[in-house]
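Written below as structure tokens is the structure these notes are about.
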Amino acid sequence: DTGVSQDPRHKITKRGQNVTFRCDPISEHNRLYWYRQTLGQGPEFLTYFQNEAQLEKSRLLSDRFSAERPKGSFSTLEIQRTEQGDSAMYLCASSRRLAGGPFNEQFFGPGTRLTVL
Amino acid sequence: DAKTTQPNSMESNEEEPVHLPCNHSTISGTDYIHWYRQLPSQGPEYVIHGLTSNVNNRMASLAIAEDRKSSTLILHRATLRDAAVYYCILRPMNTNAGKSTFGDGTTLTVKP
Numbered sequence: 013d014t015g016v017s018q019d020p021r022h023k024i025t026k027r028g029q030n031v032t033f034r035c036d037p038i039s040e041h042n043r044l045y046w047y048r049q050t051l052g053q054g055p056e057f058l059t060y061f062q063n064e065a066q067l068e069k070s071r072l073l074s075d076r077f078s079a080e081r082p083k084g085s086f087s088t089l090e091i092q093r094t095e096q097g098d099s100a101m102y103l104c105a106s107s108r109r110l111a112g113g114p115f116n117e118q119f120f121g122p123g124t125r126l127t128v129l
Numbered sequence: 004d005a006k007t008t009q010p011n012s013m014e015s016n017e018e019e020p021v022h023l024p025c026n027h028s029t030i031s032g033t034d035y036i037h038w039y040r041q042l043p044s045q046g047p048e049y050v051i052h053g054l055t056s057n058v059n060n061r062m063a064s065l066a067i068a069e070d071r072k073s074s075t076l077i078l079h080r081a082t083l084r085d086a087a088v089y090y091c092i093l094r095p096m097n098t099n100a101g102k103s104t105f106g107d108g109t110t111l112t113v114k115p
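Chains as they are written, first to last, in our numbering: chain P, 13 to 129; chain S, 4 to 115.
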């Protein structure tokens, strides 16, 4: 297993277009997270899944954003009608829930850098 | 979420120890202290975590104050590859806890 992978690594789009990103977590990791990171700031939480269930969404996740994890494996993040303010690095992470213990280290992917022109 | 405060930047010389501080005065009794770092052009990576006792692993040591309101990440001998942004994060004990709340971290510069 080579870790969390994300595709594409870079995306340039025009304002108003829709974009979709894919994240493949580490196999057997039942938790998957999406974060957004702008230059000079730490990652901001967007949403997370446990298996197929989307358990939490940030208020940052406007109704132009939708995330899915249909089979509890890979996930997609779609942004509709992109705006210039959506330009950022979109990071995916995965972790394994440990029964009876709190520690669930998150493994991050390399991110997808989105530029909206 | 309980908040953490870190200096914006720190500098170190190569081969010297580095002490990266973090204040978390509103930490609750059920919060673990986690440290992640982000190398240039990469996603964050886990460094270490602890609850009350000091912790050591192959990457670093974590010293936690007795009142748990602050902690220090210690890199024993900084290398150029340790230049990164270091984030101190609090994560609750509850296994249902999902997100990590990152601050802006400390940018560590290592000089040769």
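Beta carbons: idealized from backbone N, C-alpha and C, even for Gly. Remember, predicted model here, so these are calculated numbers, not experimental data.
CB contact below 7 Å: residue i versus chain S
| i | result |
| --- | --- |
| P55 of chain P | yes |
| P122 of chain P | yes |
Straight-line gap, residue i to residue j (C-alpha atoms, nearest Å)
| i | j | result |
| --- | --- | --- |
| P55 of chain P | T104 of chain S | 8 Å |
| N59 of chain S | R93 of chain P | 47 Å |
| Q49 of chain P | L126 of chain P | 10 Å |
| N116 of chain P | T25 of chain P | 35 Å |
| W38 of chain S | Y90 of chain S | 6 Å |
| E19 of chain S | G121 of chain P | 30 Å |
| E40 of chain P | R108 of chain P | 7 Å |
| S64 of chain S | M96 of chain S | 21 Å |
Three-state class that DSSP yields for residue i in the structure shown
| i | result |
| --- | --- |
| R108 of chain P | coil |
| R43 of chain P | strand |
| D85 of chain S | helix |
| Q41 of chain S | strand |
| Q49 of chain P | strand |
| Q92 of chain P | coil |
| D36 of chain P | strand |
| D98 of chain P | helix |
| K139 of chain P | Coverage of chain P is limited to positions 13 through 129, which leaves residue 139 of chain P absent and any answer about it impossible. |
Within-7 Å CB hit, residue i to chain P
| i | result |
| --- | --- |
| G108 of chain S | yes |
| K72 of chain S | no |
| K102 of chain S | yes |
| P115 of chain S | no |
| Y49 of chain S | yes |
Exposure label - residue i; buried when at least 16 CB within 10 Å
| i | result |
| --- | --- |
| R200 of chain S | Lying before the first or after the last residue shown, residue 200 of chain S is absent from chain S, which here runs from 4 to 115. |
| R21 of chain P | exposed |
Rounded distance between the beta-carbons of residue j and residue i, thought under 8 Å
| i | j | result |
| --- | --- | --- |
| L51 of chain P | L72 of chain P | The pair is not a contact, with the Cβ atoms about 16 Å apart (cut-off 8 Å). |
Heavy atom of the ligand MG within 6 Å of residue i beta-carbon
| i | result |
| --- | --- |
| Y47 of chain P | Among the components of this structure there are no ligands whatsoever, and the ligand MG is therefore not found. |
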